[in-house]
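Read through the structure below, which is laid out as structure tokens, and then see the notes.
Residue numbers (the numbering used here), protein chains in the order written: chain A, 1 to 149; chain B, 150 to 866; chain C, 867 to 1153.
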């Protein structure tokens, strides 16, 4: 697994985490190149469907991040998101998706360091977990046999 | 079919050093839907923008992706360039290959590969972008100011002076607020009434200000520029249009021993009363709790107009036709305004919350506001510091700072900010009035940041000989007509026992009761302590998350008079800026409802942080209600998209960040190892899930829902 | 069973009287099915129809499901033969503005336990037609049975497995799914006119019965019912492939109860847990 480079899809809010990633860039912090950010206005916009679709499209892990409670540009989008994530993360764990495959975080516009550190940490963890073959190999065509794990 | 132009920026060396920009442009040319791709040293430069503008015309581009810096930096630049070329600005997106790529990765091959993917994501997004139009909403040129303390007064005057109509709503019978109760003000010791009352009179006389006292906001609907506010005008039982404020009624009123609210319970008033001599309007109201006729009517369960008890005020009223009006009743009035300033102020922590210091139990333990009344020349003791219990002069005074403040157990984790200054003032005023008296101050820290503030505290200590003891008082009890304080002096490290005549508690500032209910009506957030929350703690200090609603004064948190006045001016200038325009343009990043799909489960209505979603009734031609659906108020929606994620059938979507766009972005990341676009039957496809275009056509046939079929046609049409 | 016979007479009498008096124009209950041990829904519009009503432990359909159908909505006021789970579903529908509580009456059937689905269950009919508000206090005591460990035995068994084994378990179960949507059709809270599973452009859930499509469908359905599912079990009973759907739904029920202190089906005025929040909601899983 040494050569395995994970694909990580991130959904981030534009006001905090996207800006935090900008700050990490402006500060020239280095972190692994495995994460692709998809920008949304608010974590409240992030749908559980996005996470499933990212996995279907070959993501080995998903990162979801936004403003800390109290910092939300829209006051409470992140607090609604938190409830959804609470339920959805438990659901994914229940059906056997390793909790290391979905990371939730709060990263503010000032936390460039936290962003860089988190990307480094998540990438290392997913490297250790290996490719998400069990999801990727689920058949996409009718009639194929299950070969999960 | 999309014709997308891709513009890859070198940003000088910033991107070009780590990312192979020509290779990115080359990869872009092979991406589906891309009609034109170039790289250039500085896309944001004038020649760079010209290059974009020319390409839009030359290649008949239907969308743009600029791969350069963060959209937080130059999105407005490139969108404006697009608009100059006649392309809808919302068809332009940016791929961030600088902050998120070249600056954070070192390996050129890795960074280039990532840049291509980031670009691909945005190309896929732009293929699903739509032309959007800024939402234009008309503005009602009138402001509502809630609260008639110094904050509300200042805001109302500033707005009105700029030529806009103002409605000032005050709950009490007079404007003036807490500032009118103060004796002198720190750090200059100028008389509070002397500087405030001219402003109060100005409010009353201003042709553009409509003053509604004894009034409260009942309901708020609408949105920025177009609020509809219902105001409850409480029965005053005095006709303001007739009353001259002559005083005949209150001189005759037989109920004379009611504790005066204005004097913080230390003075007395009648049942028909003017709260204080300089009140604006200087006209009385009848206190129904204590008025004999009202009491009689309540006891008998009859309308007050049918009671024959007392009525001396009415009899004494010299006005022809009488200004006293027992038939008065609450009225609801609806007003239209374009902007709202909330200036509801504060109250001090109620005595019940501070049992350990005997507030409310020991008469000579007074609050800071009570001391203000005792020190005031217009107060119940005409400015002499006397004990409320026996009226004897005070020889020894103790002041306790941080009573409730900075104490999470009392629900006030914050510093009340003004106390350090006013306790210095209290001790100083006491020493000025009683040269032989002694003043002791128990404090935790002295926070005297502000112009001439620290000097003021030093003056209290050094010139006026106030004894500052650093430590807390643990308890207070009565002994032989005096108050005994147990405390500590932490600087000396000793216990202190002190016998004094009076104790002043610098109790914490807390929000006005009911302000949370008001905030909910307005869609304004408040913190755990109940203070209203500004839109941004640093950069948008007077705005709120609810567009068109602004904050002034202590409703937002503890602050002193100069800060309050400055903030009120700031709020007023925001209101003036808003009302000076006829219409308001808002970002079209707003939610929209597909009425055909909406089941009216109300999840969106309940999750919307700004109450921008309401109900629309779909009726047939006969006016019969068919069903209800959610409806987004474009003027109010702030575009967070929380509703979209809450909507199970996806009947609601967010322009600029639609489901289709985000789906395309996720799909664009499909299978990183197979990123080269391939051709299949002339239709591009990639990723493990097969041909994108092929799939949408296929499933479009399976799906019978008209919405999707319609959308399909729009997309390909 | 004379006691039961008396209850049935009472049930029929209430239904008949409700229609005769004009209090309602439709009573939805059960009639004998075509096969022994099966009951079929019965829509009574004439007083005489009430004579065909039955009730027993086989009457498992959640009749609240019909309230959102256009044919039923056309009636001004409707009465339901309602065991507890049916009433809970009505509460959910009221919370989501799908049903006007003033237009629903319950012929409440009380069973000693929450489900009342055993064949020989002892049941009684409440006196008189009830509004939802009148009914709720009479069933409040059943709230205590919602979160008993026995109810979550299957959930606990799955939880005790390793993550790997849980994946295998559900991969095996989801693989059986034939996307017939029987679960959706019998669920009183799956009332969306256009289900997300039927949406394309974009198509979030693969409509065909592939492993991926089955996984996405079953996960999304459980998520969409989180905090809303009233634990009636209709979906699992309806599933022709015997998917353990209540493992998912009860897991969600457990999470919502533990995290947000909410049990669906008791308070028509409460905000559903996923359309509200508390500032101090737990967030230990967020980095």
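Positions of the beta carbon are idealized from the N, C-alpha and C atoms, including for glycine.
* Reference residue 721 of chain B; option with closest CA among B:344, B:662, B:293 -> Counting from 1 along the second chain, the entry for residue 721 of chain B is found at position 572. Residue B:293 is the option with its Cα nearest to residue 721 of chain B.
* Does any CB atom of chain B fall closer than 8 Å to the CB of residue 1137 of chain C? -> Within the third chain, the letter at position 271 stands for residue 1137 of chain C. Yes, because at least one Cβ of chain B sits closer than 8 Å to the Cβ of residue 1137 of chain C.
* Asked: With burial defined as no fewer than 16 other Cβ atoms inside 10 Å of the residue's Cβ, what is the status of residue 685 of chain B: buried or exposed?
  -> For the purposes of this step, residue 685 of chain B is taken as residue 536 along the second chain, with counting starting at 1. Result: exposed.
* **Simplified DSSP assignment, three categories, for residue 899 of chain C** => Translated into positions along the third chain, residue 899 of chain C becomes position 33. Residue state, collapsed to three classes: coil.
* Asked: Does residue 150 of chain B come within less than 8 Å of chain C when only Cβ atoms are used?
  -> Along the second chain, one-based indexing puts residue 150 of chain B at 1. No, no contact with chain C.
* Asked: Would you call the CB atoms of residue 1151 of chain C and residue 95 of chain A closer than 8 Å?
  -> What you label residue 1151 of chain C is simply residue 285 of the third chain in a count that begins at 1. What you label residue 95 of chain A is simply residue 95 of the first chain in a count that begins at 1. For residue 1151 of chain C and residue 95 of chain A, no; Cβs fall outside 8 Å.
* To do: Report yes or no: do three or more beta-carbon pairs, one from the region 641 to 660 of chain B and one from the region 511 to 531 of chain B, lie closer than 8 Å?
  => yes
* Integer-rounded CB distance, given that residue 279 of chain B should sit under 8 Å from residue 22 of chain A -> Reading the first chain from its first residue, position 22 is the one you call residue 22 of chain A. Reading the second chain from its first residue, position 130 is the one you call residue 279 of chain B. So it is not a contact: roughly 26 Å between Cβ atoms.
* Nearest CA to the CA of residue 174 of chain B: which residue from B:594, B:194, B:153? -> Position 25 of the second chain, counting from 1, holds the residue named residue 174 of chain B. Checking every option, the nearest Cα to that of residue 174 of chain B belongs to B:153.
* Asked: What number of angstroms, rounded off, separates the C-alpha of residue 299 of chain B from the C-alpha of residue 263 of chain B?
  -> Within the second chain, the letter at position 150 stands for residue 299 of chain B. Within the second chain, the letter at position 114 stands for residue 263 of chain B. In a straight line, the C-alpha of residue 299 of chain B is about 57 Å away from that of residue 263 of chain B.
* Compare the Cα-Cα distances from residue 897 of chain C to each of C:914, C:925, C:884 and report the closest residue. => Locating residue 897 of chain C in the third chain gives position 31, counting from the first residue. When each option's Cα is compared against that of residue 897 of chain C, the closest is C:925.
* Does the beta carbon of residue 1065 of chain C come closer than 8 Å to any beta carbon on chain B? -> Position 199 of the third chain holds residue 1065 of chain C. At a cut-off of 8 Å between C-beta atoms, residue 1065 of chain C counts as an interface residue with respect to chain B.
* With distances taken Cα to Cα, identify the nearest neighbour of residue 415 of chain B among B:509, B:338, B:586, B:537. => One-based indexing of the second chain puts residue 415 of chain B at position 266. Of the listed residues, the one whose Cα sits closest to residue 415 of chain B is B:537.
* Asked: For a contact meaning CB atoms closer than 8 Å, what does residue 61 of chain A contact in chain C?
  -> As a position in the first chain, residue 61 of chain A is number 61, starting the count at 1. Correct list: empty, because the minimum Cβ distance to chain C is about 13 Å.
* Asked: Do the region 903 to 918 of chain C and the region 883 to 890 of chain C make contact, defined as three or more Cβ pairs closer than 8 Å?
  -> yes
* **Secondary structure of residue 376 of chain B, DSSP reduced to three states** => On the second chain, residue 376 of chain B is found 227 positions in, with the first residue counted as 1. Correct three-state label for residue 376 of chain B: strand.
* Asked: Does any C-beta atom of chain B lie closer than 8 Å to the C-beta of residue 879 of chain C?
  -> Along the third chain, one-based indexing puts residue 879 of chain C at 13. No, residue 879 of chain C lies away from the interface with chain B (no Cβ there is under 8 Å from its Cβ).
* To do: To the nearest angstrom, report how far apart residue 548 of chain B and residue 661 of chain B are at their CA atoms.
  => Mapped onto the second chain, residue 548 of chain B falls at position 399. Mapped onto the second chain, residue 661 of chain B falls at position 512. Rounded to whole angstroms, residue 548 of chain B to residue 661 of chain B spans 24 Å at the Cα level.
* For residue 1122 of chain C, the nearest candidate out of C:1140, C:1105, C:1081, C:955 (CA to CA) -> Against the third chain, residue 1122 of chain C aligns to sequence position 256. Per the Cα distances, C:1140.
* Within chain A, partners of residue 1024 of chain C - CB distance below 8 Å -> The residue you call residue 1024 of chain C lines up with position 158 of the third chain. Per Cβ cutoff of 8 Å: 94.
* What does a CB cutoff of less than 6 Å around residue 286 of chain B pick up in its chain, not counting 5 residues either side in sequence? -> One-based indexing of the second chain puts residue 286 of chain B at position 137. Once the five neighbours on either side are set aside, the close Cβ partners of residue 286 of chain B are 374, 733, 784.
* To do: Drop a sphere of 10 angstroms on the beta-carbon of residue 177 of chain B, count the other beta-carbons inside from all chains shown, and report buried for 16 or more, exposed for fewer.
  => As a working note, residue 177 of chain B is residue 28 in the second chain. Residue 177 of chain B comes out buried.
* **Contact between the region 42 to 56 of chain A and the region 785 to 793 of chain B (3+ Cβ pairs under 8 Å)** => yes
* Where the alpha helix (DSSP H) containing residue 1033 of chain C begins and where it ends -> Along the third chain, one-based indexing puts residue 1033 of chain C at 167. 1029 to 1042 is the extent of the alpha helix (DSSP H) around residue 1033 of chain C.
* My guess is that residue 1109 of chain C and residue 1042 of chain C are in contact by the Cβ rule of under 8 Å, so how many angstroms apart are they, rounded? -> As a first step, residue 1109 of chain C must be located in the third chain, where it is residue number 243. As a first step, residue 1042 of chain C must be located in the third chain, where it is residue number 176. Right, their Cβ atoms sit about 6 Å apart.
* Among all the DSSP beta bridges, which residues are the ones paired with residue 542 of chain B? -> Locating residue 542 of chain B in the second chain gives position 393, where the first residue counts as 1. DSSP output for residue 542 of chain B lists B:535 as bridge partner(s).
* Asked: Nearest-angstrom Cα distance between residue 358 of chain B and residue 289 of chain B?
  -> To locate residue 358 of chain B, count along the second chain from 1; it is residue 209. To locate residue 289 of chain B, count along the second chain from 1; it is residue 140. Between residue 358 of chain B and residue 289 of chain B, the C-alpha separation is close to 15 Å.
* Hey, is residue 440 of chain B close to the ligand SAH, as in C-beta under 7 Å from one of its heavy atoms? -> The ligand SAH is not part of the structure shown, which contains no ligands of any sort.
* Asked: CB-CB under 8 Å to residue 200 of chain B, same chain, minus the five flanking residues each way: which ones, in chain order?
  -> Here residue 200 of chain B refers to the residue found at position 51 of the second chain. So the list reads 156, 187, 189, 192, once near-sequence residues are dropped.
* Asked: Are the C-beta atoms of residue 845 of chain B and some chain A residue less than 8 Å apart?
  -> By 1-based counting over the second chain, the position of residue 845 of chain B is 696. With a pLDDT of 34 at residue 845 of chain B, under the threshold of 50, the modelled position of this residue cannot be trusted; read the value that follows with caution. The C-beta of residue 845 of chain B comes no closer than 8 Å to any C-beta of chain A.
* Asked: Does the beta carbon of residue 106 of chain A sit closer than 8 Å to a beta carbon anywhere in chain C?
  -> Walking along the first chain from the start, residue 106 of chain A turns up at place 106. Yes - at least one Cβ of chain C is within 8 Å of the one on residue 106 of chain A.
* Bounding residues of the beta strand (DSSP E) (the contiguous stretch that carries residue 212 of chain B) -> For the purposes of this step, residue 212 of chain B is identified with residue 63 of the second chain, where counting begins at 1. Element bounds for residue 212 of chain B: 212 to 217.
* Collapsed DSSP secondary structure at residue 328 of chain B in the structure displayed -> By 1-based counting over the second chain, the position of residue 328 of chain B is 179. Reduced to three states, the DSSP call for residue 328 of chain B is helix.
* At a Cβ threshold of 8 Å, is residue 267 of chain B touching chain A? -> Counting from 1 along the second chain, the entry for residue 267 of chain B is found at position 118. So yes, residue 267 of chain B belongs to the interface.
* State the DSSP-derived secondary structure class of residue 265 of chain B, mapped to helix, strand or coil. => Here residue 265 of chain B refers to the residue found at position 116 when the second chain is read from its first residue. Here residue 265 of chain B sits in helix by DSSP.
* Asked: Would the region 610 to 628 of chain B and the region 574 to 582 of chain B be scored as touching if the rule is three or more Cβ pairs under 8 Å?
  -> The region 610 to 628 of chain B vs the region 574 to 582 of chain B: in contact.
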